[in-house]
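Have a look at the structure below, then the notes.
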């Protein structure tokens, strides 16, 4: 048998205060956005493709090149009852948070009757953490 895994770990900043939604006949869900940032140095016009994350504390290692940054926004959904409520009550915009869960791809029809695709992180475990940088 071949095993499979769908697991996501994100560390970033909350982009908006969480909202709780409930569709008739379904369980409520808490939703918020999370921003993750990636920084790297470029030298001689070439991007560092190695996946290394640049940090200012290590700038003495790379005197050449410019700093590039990419911010990625993630939609986080929390369905688990206890976690959903705690997230809604205590997580706020700007908070640094660690989210662990799975990635979900779905489709929906917007108000103009156009089919759209959506990527969501379904949170399984979540906790506030403080990480000195």
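In the working numbering, the protein residues as written are 77 to 209. For every residue, glycine included, the Cβ atom is placed at its ideal position computed from N, Cα and C. Computed from a predicted model, the values in this text were never measured in an experiment.
Per the C-alpha coordinates, the member of 96, 86 and 90 positioned closest to residue 160 is 96. Distance from the CA of residue 118 to the CA of residue 145, rounded to the nearest whole angstrom, comes to 10 Å. In this structure, DSSP gives residue 167 a state outside helix and strand, which the three-state scheme calls coil. Taking the Cα of residue 150 as reference, the smallest distance to any Cα among 94, 112 and 187 is reached at 112. Looking at the backbone, the Cα of residue 200 and that of residue 86 are separated by about 12 Å. Judged by DSSP in its simplified three-state form, residue 158 adopts helix. For residue 92, same chain residues with a beta-carbon under 7 Å away, outside a window of 5 residues either side, are 108, 109 and 169 in chain order.
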